[in-house]
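K.L.:
Quick one: this structure, given as structure tokens, is what I'll be asking you about.
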Amino acid sequence: MKKKVAILFPGQGSQYEEMGKDIFDSNIEGSDTVSNLGSLVGEETARKIIEGRLDDLSKTRYAQLAIFLNSVLLYGKLKSMDIFDIEASIGLSLGEYSALCCAGLFNLEDGIKLVDIRGQIMSEGASGKGTMVAVMKSDIETIQSIIDDVKCGGLLSVCNLNSPSQVVVGGDFEAIERFESKCGERGIKRVVRLDVEGPFHTEILLESAEKFEDYLKNTNFGKIQYDVYSNFNTNSYMDMNGDEEIVDTLKKQMYSPVLFESCAKKLIMRGIDTFVEIGPGKSLSGFIKKIDKSCQVFNVQTLDDINNLRENINIF
Numbered sequence: 104m105k106k107k108v109a110i111l112f113p114g115q116g117s118q119y120e121e122m123g124k125d126i127f128d129s130n131i132e133g134s135d136t137v138s139n140l141g142s143l144v145g146e147e148t149a150r151k152i153i154e155g156r157l158d159d160l161s162k163t164r165y166a167q168l169a170i171f172l173n174s175v176l177l178y179g180k181l182k183s184m185d186i187f188d189i190e191a192s193i194g195l196s197l198g199e200y201s202a203l204c205c206a207g208l209f210n211l212e213d214g215i216k217l218v219d220i221r222g223q224i225m226s227e228g229a230s231g232k233g234t235m236v237a238v239m240k241s242d243i244e245t246i247q248s249i250i251d252d253v254k255c256g257g258l259l260s261v262c263n264l265n266s267p268s269q270v271v272v273g274g275d276f277e278a279i280e281r282f283e284s285k286c287g288e289r290g291i292k293r294v295v296r297l298d299v300e301g302p303f304h305t306e307i308l309l310e311s312a313e314k315f316e317d318y319l320k321n322t323n324f325g326k327i328q329y330d331v332y333s334n335f336n337t338n339s340y341m342d343m344n345g346d347e348e349i350v351d352t353l354k355k356q357m358y359s360p361v362l363f364e365s366c367a368k369k370l371i372m373r374g375i376d377t378f379v380e381i382g383p384g385k386s387l388s389g390f391i392k393k394i395d396k397s398c399q400v401f402n403v404q405t406l407d408d409i410n411n412l413r414e415n416i417n418i419f
């Protein structure tokens with residue numbers, strides 16, 4: 104009997120210089136879409152995605168598109184090799200769109216259009232209005248109490264619950280500075296500012312999410328092939344009651360905390376003990392190990408990694 108395997112898809116922040124060059128230069132499923140990317144998102148945007156310069160990929164629109172394309176094309180190649188059966192999937196923020204595309208909720212072209220407009224809308228709605236910090240080795244109760252102490256009418260809230268040892272907080276610049284100072288007073292030693300355009304997954308994006316809803320409503324949704332768990336409420340998209348609930352969930356995902364740890368625990372409770380992270384970086388693999396160190400975790404960032412996975416994964 105084959106092991107139960109879940110796929111993880113990374114979000115913004117995992118990008119790196121010339122990311123996906125081997126994928127974009129190859130002749131794999133989806134490469135025709137890459138060749139025609141300019142017709143979907145504009146020639147300048149397509150060039151920046153394919154060239155993969157870090158100063159471009161640091162911008163929300165380009166980062167999200169590049170990570171999405173990398174992840175989905177790698178998944179297609181991996182799936183075609185039939186190494187293992189996929190039980191379920193989760194993605195982190197943007198990664199949820201990679202997960203949903205790979206599971207069949209929408210096709211690659213529609214996914215590209217959605218991710219492109221999502222990146223633009225998020226950037227317009229949050230850019231320059233604050234930032235985000237990762238808080239290491241503290242519990243959510245302590246973090247929330249500090250937020251309550253220093254918010255003072257400003258924008259400040261939890262954005263991501265990633266693992267038992269990492270919570271991300273976002274807010275306006277002044278509120279974040281008060282939060283950082285109070286963390287030091289409370290003995291929290293590691294609070295790391297993230298390189299982001301603004302405080303994503305906070306109420307600053309409420310209006311942006313309403314705007315994005317119109318694009319979601321005009322997307323053709325297909326039949327999803329396996330469970331993908333929502334960052335917003337940890338529910339599976341397979342259990343959702345039609346397009347209206349899917350649209351509402353994706354809209355709310357933009358301004359609500361990312362519940363990655365809770366989603367991962369749902370998978371582990373199902374008996375899944377093997378995870379494959381597809382796309383740039385290894386952050387989600389690290390989160391899984393913090394959540395349950397007994398889990399087996401693999402990374403696929405390049406086409407060569409797929410061959411290594413086939414040789415090393417024990418699927419039985």
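In terms of the numbering used here, the sequence shown opens at residue 104 and continues consecutively.
By construction, the Cβ of each residue, glycine as well, lies at the ideal position given by its N, Cα and C atoms.
Which residue wins for smallest C-alpha separation from residue 236, given the options 226, 224 and 260?
P.N.:
Start at 1 with the first residue of the sequence shown, and residue 236 comes out as number 133. Among 226, 224 and 260, the Cα nearest to that of residue 236 is on 260.
K.L.:
Strictly by DSSP, which residues pair up with residue 401?
P.N.:
As a working note, residue 401 is residue 298 in the sequence shown. DSSP, once it has assigned bridges, lists 379 as partnering residue 401.
K.L.:
Whole angstroms are fine: how far does the CA of residue 288 sit from the CA of residue 195?
P.N.:
Indexing the sequence shown from 1 puts residue 195 at position 92. Indexing the sequence shown from 1 puts residue 288 at position 185. Using only the alpha carbons, I get a separation of about 31 Å.
K.L.:
Check residue 264 in the structure and name its three-state DSSP category.
P.N.:
Position 161 of the sequence shown, counting from 1, holds the residue named residue 264. DSSP places residue 264 in strand when its eight states are reduced to three.
K.L.:
For the candidate residues 339, 383 and 356, whose alpha-carbon lies nearest to that of residue 192?
P.N.:
Indexing the sequence shown from 1 puts residue 192 at position 89. Of the candidates 339, 383 and 356, the one whose C-alpha sits nearest the C-alpha of residue 192 is 339.
K.L.:
Which term fits residue 414, buried or exposed, when burial requires 16 or more other beta carbons within 10 angstroms of its beta carbon?
P.N.:
Position 311 of the sequence shown, counting from 1, holds the residue named residue 414. When all chains shown are included, residue 414 counts as exposed.
K.L.:
Roughly how many whole angstroms lie between the Cα atoms of residue 123 and residue 252?
P.N.:
Reading the sequence shown from its first residue, position 20 is the one you call residue 123. Reading the sequence shown from its first residue, position 149 is the one you call residue 252. Roughly 44 Å separates the two Cα atoms.
K.L.:
Cα separation between residue 327 and residue 307?
P.N.:
Here the question's residue 327 lines up with position 224 in the sequence shown. Here the question's residue 307 lines up with position 204 in the sequence shown. Distance between the alpha carbons of residue 327 and residue 307 is about 31 Å.
K.L.:
In terms of DSSP beta bridges, what is residue 192 paired with?
P.N.:
Against the sequence shown, residue 192 aligns to sequence position 89. Its beta-bridge partners are 110 and 331.
K.L.:
Nearest-angstrom Cα distance between residue 408 and residue 213?
P.N.:
Counting from one through the sequence shown, the residue named residue 408 turns up at place 305. Counting from one through the sequence shown, the residue named residue 213 turns up at place 110. So the alpha carbons of these two residues sit roughly 27 Å apart.
K.L.:
Suppose you measure from the CA of residue 231 to the CA of residue 108; what does that come to, to the nearest Å?
P.N.:
Along the sequence shown, one-based indexing puts residue 231 at 128. Along the sequence shown, one-based indexing puts residue 108 at 5. Spanning the two alpha carbons is a distance of roughly 40 Å.
K.L.:
Given a threshold of 16 other Cβ atoms within 10 Å of its Cβ, counted over all protein chains shown, does residue 173 qualify as buried or as exposed?
P.N.:
By 1-based counting over the sequence shown, the position of residue 173 is 70. It counts as buried.
K.L.:
Could I get the ranges of all uninterrupted beta strand (DSSP E) runs contained in the region 128-211, with 3 residues as the minimum, in chain order?
P.N.:
For the region 128-211, whole beta strand (DSSP E) runs of length 3 or above, ordered along the chain, are 189-194.
K.L.:
Assess, as a yes-or-no matter, whether the region 372-379 is touched by the region 396-406 under the definition of 3 or more beta carbon pairs within less than 8 Å.
P.N.:
Yes: the two stretches touch, three or more of their Cβ pairs being nearer than 8 Å.
K.L.:
Thinking just about the alpha-carbon of each residue, which of 220, 180 and 301 is nearest to the one in residue 233?
P.N.:
The residue labelled residue 233 in the question sits at position 130 within the sequence shown. Per the Cα distances, 301.
K.L.:
Among the residues of its own chain, which have a CB less than 6 Å from the CB of residue 250, if the five just before and after it don't count?
P.N.:
As a first step, residue 250 must be located in the sequence shown, where it is residue number 147. 259.
K.L.:
Can you check whether the CB of residue 149 is closer than 8 Å to the CB of residue 141?
P.N.:
Reading the sequence shown from its first residue, position 38 is the one you call residue 141. Reading the sequence shown from its first residue, position 46 is the one you call residue 149. Their beta carbons are under 8 Å apart, which means residue 141 touches residue 149 by this criterion.
K.L.:
Using CA coordinates, which residue listed in 372, 383 and 349 is at the minimum distance from residue 398?
P.N.:
The residue given as residue 398 occupies position 295 in the sequence shown. Answer by Cα proximity: 372.
K.L.:
Let me know the secondary structure DSSP gives residue 272 once reduced to three states.
P.N.:
Translated into the one-based positions of the sequence shown, residue 272 becomes position 169. In the structure shown, residue 272 sits in a strand (DSSP, three-state: E or B).
K.L.:
Quick one: Cα of residue 416 to Cα of residue 367, how far?
P.N.:
Within the sequence shown, numbered from 1, the residue matching residue 416 stands at position 313. Within the sequence shown, numbered from 1, the residue matching residue 367 stands at position 264. Each residue's alpha carbon lies about 20 Å from the other.
K.L.:
Count Cβ pairs between the region 269-282 and the region 237-247 that sit closer than 8 Å; are there 3 or more?
P.N.:
With a cut-off of 8 Å, the region 237-247 and the region 269-282 count as touching, because enough Cβ pairs lie within range.
K.L.:
Is residue 132 closer than 8 Å to residue 157 when the C-beta atoms are compared?
P.N.:
To locate residue 157, count along the sequence shown from 1; it is residue 54. To locate residue 132, count along the sequence shown from 1; it is residue 29. The answer is no: Cβ separation not under 8 Å.
K.L.:
Between residue 127 and residue 137, what straight-line distance do the alpha-carbon atoms span, to the nearest angstrom?
P.N.:
For the purposes of this step, residue 127 is taken as the residue at position 24 of the sequence shown. For the purposes of this step, residue 137 is taken as the residue at position 34 of the sequence shown. Taking the straight line from one Cα to the other gives about 7 Å.
K.L.:
CB residue 170 to CB residue 383, shorter than 8 Å?
P.N.:
For the purposes of this step, residue 170 is taken as residue 67 along the sequence shown, with counting starting at 1. For the purposes of this step, residue 383 is taken as residue 280 along the sequence shown, with counting starting at 1. Yes, the Cβ-Cβ distance between residue 170 and residue 383 is below 8 Å.
K.L.:
Beta-carbon within less than 7 Å of residue 322's beta-carbon, same chain only, minus the 5 sequence neighbours each way: which residues are those?
P.N.:
Residue 322 sits at position 219 when you count from the first residue of the sequence shown. Excluding residues within five positions, the ones whose Cβ falls inside 7 Å are 209, 213 and 217.
K.L.:
Might you give, ordered along the chain, the residues of its own chain that have their beta carbon closer than 8 Å to the beta carbon of residue 207, omitting 5 neighbours on each side?
P.N.:
Mapped onto the sequence shown, residue 207 falls at position 104. The residues are 325, 326, 327 and 328.
K.L.:
With distances taken Cα to Cα, identify the nearest neighbour of residue 143 among 360, 341, 215 and 354.
P.N.:
If you number the sequence shown from 1, residue 143 lands on position 40. Considering only alpha carbons, the answer is 215.
K.L.:
Under 8 Å by Cβ, that's how I've got residue 386 and residue 356 pegged, so tell me the actual separation to the nearest angstrom.
P.N.:
Looking up residue 386 in the sequence shown gives position 283. Looking up residue 356 in the sequence shown gives position 253. No, residue 386 and residue 356 are not in contact; Cβ-Cβ is about 18 Å, not under 8 Å.
K.L.:
Under 8 Å, do residue 274 and residue 245 count as touching if we go by C-beta distance?
P.N.:
Walking along the sequence shown from the start, residue 274 turns up at place 171. Walking along the sequence shown from the start, residue 245 turns up at place 142. Not in contact: residue 274 and residue 245 (Cβ atoms no closer than 8 Å).
K.L.:
Starting from residue 305, follow the beta strand (DSSP E) in both directions and report where the run begins and ends.
P.N.:
Walking along the sequence shown from the start, residue 305 turns up at place 202. Note, residue 305: premise wrong, no beta strand (DSSP E); not H, not E.
K.L.:
Among the residues of its own chain, which have a CB less than 7 Å from the CB of residue 293, if the five just before and after it don't count?
P.N.:
Mapped onto the sequence shown, residue 293 falls at position 190. Same-chain partners within the cutoff: 239 and 240.
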